[in-house]
Amino acid sequence: MHPALSVIFFTTATGAGYGLLALLGISAALGLVPPERWLGLVALGLALTLITGGLLSSTLHLGHPERAWRAFSQWRSSWLSREGVAAVLTYVPAGIFGIGWLVTGRVDGLVAVAALAAAAGALITLFTTGMIYASLKPVAQWHSRFTVPGYLIFAVMTGAVLLHAVLHLFGNDARGLGMFAAATIILGWAWKAATWRHNDALKPPSSANSATGLKDGTIRSIEWPHTEENFVLKEMGYRIARKHAAKLRRLVHLLAFAVPLAAVALALVAPRWLAVLSACLAVAAQAPGIVTERWLFFAEAKHAVTLYYGR
Amino acid sequence: MTSLPARTEKQLGLVIDLDTCVGCQACVTSCKEWNTGGHMAPLTDIRPYEDGADGVWFNRVHTYEQETKGASRTVHFPRSCLHCAEPACVTVCPTGASYKRASDGIVLVNEDTCIGCKLCSWACPYGAREYDTDVGVMKKCTLCVDRIYNQNLDEADRVPACVAACPTGARHFGDLGDPQSPVSRLVAERGGVDLMPEMGYRPTNKYLPPRERKACGVSDAPALEPAAGGLLGWVDRMLSR
Numbered sequence: 008m009h010p011a012l013s014v015i016f017f018t019t020a021t022g023a024g025y026g027l028l029a030l031l032g033i034s035a036a037l038g039l040v041p042p043e044r045w046l047g048l049v050a051l052g053l054a055l056t057l058i059t060g061g062l063l064s065s066t067l068h069l070g071h072p073e074r075a076w077r078a079f080s081q082w083r084s085s086w087l088s089r090e091g092v093a094a095v096l097t098y099v100p101a102g103i104f105g106i107g108w109l110v111t112g113r114v115d116g117l118v119a120v121a122a123l124a125a126a127a128g129a130l131i132t133l134f135t136t137g138m139i140y141a142s143l144k145p146v147a148q149w150h151s152r153f154t155v156p157g158y159l160i161f162a163v164m165t166g167a168v169l170l171h172a173v174l175h176l177f178g179n180d181a182r183g184l185g186m187f188a189a190a191t192i193i194l195g196w197a198w199k200a201a202t203w204r205h206n207d208a209l210k211p212p213s214s215a216n217s218a219t220g221l222k223d224g225t226i227r228s229i230e231w232p233h234t235e236e237n238f239v240l241k242e243m244g245y246r247i248a249r250k251h252a253a254k255l256r257r258l259v260h261l262l263a264f265a266v267p268l269a270a271v272a273l274a275l276v277a278p279r280w281l282a283v284l285s286a287c288l289a290v291a292a293q294a295p296g297i298v299t300e301r302w303l304f305f306a307e308a309k310h311a312v313t314l315y316y317g318r
Numbered sequence: 031m032t033s034l035p036a037r038t039e040k041q042l043g044l045v046i047d048l049d050t051c052v053g054c055q056a057c058v059t060s061c062k063e064w065n066t067g068g069h070m071a072p073l074t075d076i077r078p079y080e081d082g083a084d085g086v087w088f089n090r091v092h093t094y095e096q097e098t099k100g101a102s103r104t105v106h107f108p109r110s111c112l113h114c115a116e117p118a119c120v121t122v123c124p125t126g127a128s129y130k131r132a133s134d135g136i137v138l139v140n141e142d143t144c145i146g147c148k149l150c151s152w153a154c155p156y157g158a159r160e161y162d163t164d165v166g167v168m169k170k171c172t173l174c175v176d177r178i179y180n181q182n183l184d185e186a187d188r189v190p191a192c193v194a195a196c197p198t199g200a201r202h203f204g205d206l207g208d209p210q211s212p213v214s215r216l217v218a219e220r221g222g223v224d225l226m227p228e229m230g231y232r233p234t235n236k237y238l239p240p241r242e243r244k245a246c247g248v249s250d251a252p253a254l255e256p257a258a259g260g261l262l263g264w265v266d267r268m269l270s271r
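Chains A and B, in that order, give the protein sequences.
Residues 8 to 318 in the numbering used here are what the first sequence spells out, letter by letter.
Residues 31 to 271 in the numbering used here are what the second sequence spells out, letter by letter.
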């Protein structure tokens, strides 16, 4: 599948934003983070900026962005429509949570309820994003049990690493969240490794035989209907060289998981100034790491239509 | 609504005979010619006479070599929308622009409400949908919905343009929901198949596999029996000296 930058930025940015919102909502409601106004402004501001920026970038690849409002109508059948509805509805409790926190300086009562509702909305939105890909049967690498948990795990992981850095910057105790972030990185790492192992051993359900209905023998494409790449090949025929994929996977191992894990672990034991630096390093390494992970998610996915082109 | 109709009154579709298709591309060009002025017009071409030519086509003909034990054959393979009974391209549509008609099962796109998100093209394993970069909406085969019910055409011409154009009669149009229709009987007779049945989209269009052929291969020509008598016998004796 063609790795479109707008969709890669959308899924990674909203992933981190919703992950951060979910963690902030839960930990604020449970009193795990202090309800300081500046902390609330920066952390919630960061979450909502990532979410809103991601959602806006997702409209960039539309042929008619001015009609985007129509996408809220088909929630009965379409996961993309459900994602849109969930994303917009989540703004309501998130707004009450944010305003309540900033105005009252406390997260209790109605504000705590809104905080938990915002967290639930964030997780539901992430689930719908994962389902958009998991429901597509023509892409065997996506139509798998690994896709939806992957979207949720990577979102919570990037959100935790972000919140960890924000807490350190504001001089708060981040030991509990540091340990949680480390656990999510280990889980994410294991999940990605398992996903790649699964995909590498994958036997797609379709073949050139089933695609053409010619049951016997070997089917060899000897002439395409067109001499240049058409929309179908540009959009769904993307191929990545195996040696590049291997190199990029190593980069993901390093930047998305290994460096952030080491940096978060160091922040647990280091003196304050080093802990702050280390927590920020985790964010700086994981951002390009998770973007590379998402790029590979698209680039390594093989669409069934490529069978017609002998690919 | 992108929710699918529980059942459709008819299941209009095509039956394509891979035995008789000669890959002449007549169905491709007549489709383009009709539809660039039809329901989904225009079928935009981008840089048609330069490097990187691109454009929207509803029907594409591939050519394959099928190699079986002791025999190979060339198979020309027209590929277009199969107007599936369970088209995921319709259910994934977030706006309701894609729909399947309850009356005849034809899958269409409303160009006025399509936002051009391209998710429907991802959901189609058959590559039937092509995005028009110029207009910013998705386009696809309409089964010539503007021909098959067109009162201004002679009754014989009320078939999709690709069917009308085929010089070898490799394309057939009709109601595949009616088991007694000529197309349904043809499918039963020739063992017509679904493409990628494992996807579960239940395509309406059917493909007729090429008929069995004698195995070809290299073998020695049979030795001639020597002629016994007459002029040929004399020639045979002379040449055999």
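Heads up, the beta-carbon is just placed ideally off N, CA and C, and yes, glycines get one too.
If you're wondering where the values come from, they're calculated on a predicted model, not measured in any experiment.
For R152 of chain A, which of helix, strand or coil comes out of DSSP?
Within the first sequence, residue 152 of chain A is the residue found at index 145, counting from 1. In the structure shown, R152 of chain A sits in coil (DSSP, three-state: anything other than H, G, I, E or B).
Roughly how many angstroms lie between the CA atoms of T225 of chain A and T219 of chain A, to the nearest whole one?
What you label residue 225 of chain A is simply residue 218 of the first sequence in a count that begins at 1. What you label residue 219 of chain A is simply residue 212 of the first sequence in a count that begins at 1. Roughly 11 angstroms separates the two Cα atoms.
Measuring only the C-alpha atoms, how far is T132 of chain A from E90 of chain A?
For this step, residue 132 of chain A is matched to residue 125 along the first sequence. For this step, residue 90 of chain A is matched to residue 83 along the first sequence. Whole-angstrom Cα-Cα distance: 6 angstroms.
On the DSSP bridge list, what partners appear for H168 of chain B?
Here residue 168 of chain B refers to the residue found at position 138 of the second sequence. Going by the sequence as given, residue 168 of chain B is Met instead of His. Its beta-bridge partners are B:Y161.
Excluding the 5 residues preceding and the 5 following L255 of chain A in the sequence, name in chain order all residues of the same chain whose CB lies nearer than 7 angstroms to its CB.
Numbered from 1 along the first sequence, position 248 holds the residue referred to as residue 255 of chain A. These residues qualify, in order along the chain: T299, L303.
Just to confirm my understanding: we take T135 of chain A, look at its own chain, exclude 5 residues before and 5 after, and list those with CB closer than 7 angstroms. What are they?
Sequence index remark: in the first sequence, residue 135 of chain A carries index 128 (1-based). Closer than 7 angstroms at Cβ, skipping near neighbours: W86, R89, E90, A93.
Burial state of N140 of chain B (16 or more Cβ within 10 Å)
Counting from one through the second sequence, the residue named residue 140 of chain B turns up at place 110. By the neighbour-count rule (16 or more Cβ atoms within 10 Å), N140 of chain B is not buried but exposed.
In chain order, what residues of the same chain lie with their CB nearer than 8 angstroms to the CB of L96 of chain A, ignoring the 5 residues before and after it?
Taking the first residue of the first sequence as position 1, residue 96 of chain A is located at position 89. Only G128 meet the Cβ criterion.
Let me see if you follow: with CB-CB separation under 7 angstroms, is R318 of chain A close to chain B or not?
The count along the first sequence starts at 1 and reaches residue 318 of chain A at position 311. It does not; no Cβ of chain B falls within 7 angstroms.
If you draw a straight line from the alpha carbon of L3 of chain A to that of D115 of chain A, how long is it in whole angstroms?
Outside the displayed range of chain A (8 to 318) lies residue 3 of chain A, so it cannot be described from this structure.
Can you tell me which residues form a DSSP beta bridge with H310 of chain A?
Indexing the first sequence from 1 puts residue 310 of chain A at position 303. Note: H310 of chain A sits in a beta bridge opposite A:V146.
Among A:A306, A:W196, A:W231, A:Y98, nearest to A52 of chain A - alpha-carbon criterion:
Residue mapping note: residue 52 of chain A aligns to position 45 of the first sequence, counting from 1. Rather than Ala, the amino acid found at residue 52 of chain A in this sequence is Gly. Taking only the C-alpha atoms, the option nearest G52 of chain A is A:Y98.
Beta-carbon contacts of A127 of chain B that lie in its chain and below 7 angstroms, excluding the five residues immediately before and after
As a position in the second sequence, residue 127 of chain B is number 97, starting the count at 1. Taken in chain order, the residues that qualify are V139, N140, T143, C144.
List the residues of chain A whose Cβ lies closer than 7 angstroms to the Cβ of V189 of chain B, in chain order.
Taking the first residue of the second sequence as position 1, residue 189 of chain B is located at position 159. Neighbours of V189 of chain B on chain A: none; closest Cβ ~22 angstroms, over 7 angstroms.
Which class does E90 of chain A belong to by DSSP, given the choice of helix, strand or coil?
Within the first sequence, the letter at position 83 stands for residue 90 of chain A. The answer is helix: DSSP assigns E90 of chain A an H, G or I state.
Looking at the secondary structure, which residues open and close the alpha helix (DSSP H) in which P212 of chain B lies?
To locate residue 212 of chain B, count along the second sequence from 1; it is residue 182. Unbroken alpha helix (DSSP H) run through P212 of chain B: 212-220.
Closer than 7 angstroms, Cβ to Cβ, to anything on chain A: give me those residues from the region 85-107 of chain B, in chain order.
R90, V91, H92, T93, Y94, E95, Q96, E97, T98, V105, F107
Tell me the DSSP secondary structure of F203 of chain B in three-state form.
Your numbering for residue 203 of chain B matches position 173 in the second sequence. DSSP places F203 of chain B in strand when its eight states are reduced to three.
What are the boundary residues of the beta strand (DSSP E) that F107 of chain B is part of?
As a working note, residue 107 of chain B is residue 77 in the second sequence. It spans 101-109 - the beta strand (DSSP E) in which F107 of chain B sits, taken as one unbroken run.
Under 8 angstroms from the C-beta of W64 of chain B: neighbouring residues of chain A
As a first step, residue 64 of chain B is located in the second sequence; it is residue number 34 there, counting from the start. Under the 8 angstroms cutoff, chain A gives no residues; its nearest Cβ is about 18 angstroms from W64 of chain B.
Between B:E97, B:A36, B:H69, B:K148, which lies nearest to H71 of chain A when the distance is taken from Cα to Cα?
One-based indexing of the first sequence puts residue 71 of chain A at position 64. The shortest Cα separation from H71 of chain A among B:E97, B:A36, B:H69, B:K148 belongs to B:K148.
At least 3 beta-carbon pairs within less than 8 angstroms: the region 69-76 of chain B vs the region 195-206 of chain B:
no
Where does T202 of chain A fall in DSSP's three states?
For the purposes of this step, residue 202 of chain A is identified with residue 195 of the first sequence, where counting begins at 1. Note: T202 of chain A maps to helix in three-state DSSP.
Taking beta-carbon pairs under 7 angstroms, can you tell me which members of the region 218-231 of chain A lie near chain B?
A218, T219, G220, L221, D223, G224, T225, I226, R227, S228, I229, E230, W231
Express the C-alpha separation of M243 of chain A and N65 of chain B in angstroms, rounding to a whole number.
Working through the second sequence from its first residue, we reach residue 65 of chain B at position 35. Working through the first sequence from its first residue, we reach residue 243 of chain A at position 236. In a straight line, the C-alpha of N65 of chain B is about 24 angstroms away from that of M243 of chain A.
With a threshold of 7 angstroms between beta carbons, is P145 of chain A in contact with chain B?
For the purposes of this step, residue 145 of chain A is taken as residue 138 along the first sequence, with counting starting at 1. Judged by the 7 angstroms Cβ criterion, P145 of chain A is in contact with chain B.
Please report the distance separating the alpha-carbon of G100 of chain B from that of V167 of chain B.
Residue numbering aside, residue 100 of chain B sits at position 70 when the second sequence is read from its first letter. Residue numbering aside, residue 167 of chain B sits at position 137 when the second sequence is read from its first letter. Using only the alpha carbons, I get a separation of about 47 angstroms.
With a CB to CB cut of under 6 angstroms and the five nearest residues on each side skipped, what residues in its chain are close to P145 of chain A?
The residue you call residue 145 of chain A lines up with position 138 of the first sequence. So the qualifying residues of the chain are H310, A311.
Short CB-CB distance (under 7 angstroms) between S213 of chain A and chain B
Along the first sequence, read from residue 1 onward, the residue named residue 213 of chain A stands at position 206. Taking Cβ atoms only, chain B reaches closer than 7 angstroms to S213 of chain A, which makes this a yes.
For L281 of chain A, which of A:A35, A:L63, A:H175, A:Y158 has the nearest alpha-carbon?
The residue labelled residue 281 of chain A in the question sits at position 274 within the first sequence. Nearest option by C-alpha distance: A:H175.
Indicate whether at least one CB of chain A lies closer than 7 angstroms to the CB of A83 of chain B.
In the second sequence, counting from the first residue as 1, residue 83 of chain B sits at position 53. For A83 of chain B, the answer is yes, since a Cβ of chain A falls inside 7 angstroms of its Cβ.
With hydrogens ignored, establish whether the beta-carbon of A115 of chain B is closer than 6 angstroms to any heavy atom of the ligand ZN.
Among the ligands in the structure shown, none appear at all, so the ligand ZN cannot be discussed.
Using a threshold of 7 angstroms, state whether the C-beta atoms of T111 of chain A and R301 of chain A are closer than that.
Here residue 111 of chain A refers to the residue found at position 104 when the first sequence is read from its first residue. Here residue 301 of chain A refers to the residue found at position 294 when the first sequence is read from its first residue. Against a cut-off of 7 angstroms, the Cβ pair of R301 of chain A and T111 of chain A comes out as no contact.
What are the boundary residues of the alpha helix (DSSP H) that includes K222 of chain A?
As a working mapping, residue 222 of chain A is identified with position 215 in the first sequence. Segment: none, K222 of chain A is in no alpha helix (DSSP H) and carries neither H nor E.
Return the first residue and the last residue of the alpha helix (DSSP H) that R256 of chain A is part of.
As a first step, residue 256 of chain A must be located in the first sequence, where it is residue number 249. Element bounds for R256 of chain A: 249-259.
Closest Cβ-Cβ distance between F134 of chain A and chain B: below 7 angstroms?
Within the first sequence, numbered from 1, the residue matching residue 134 of chain A stands at position 127. With 7 angstroms as the cut-off, F134 of chain A does not count as an interface residue toward chain B.
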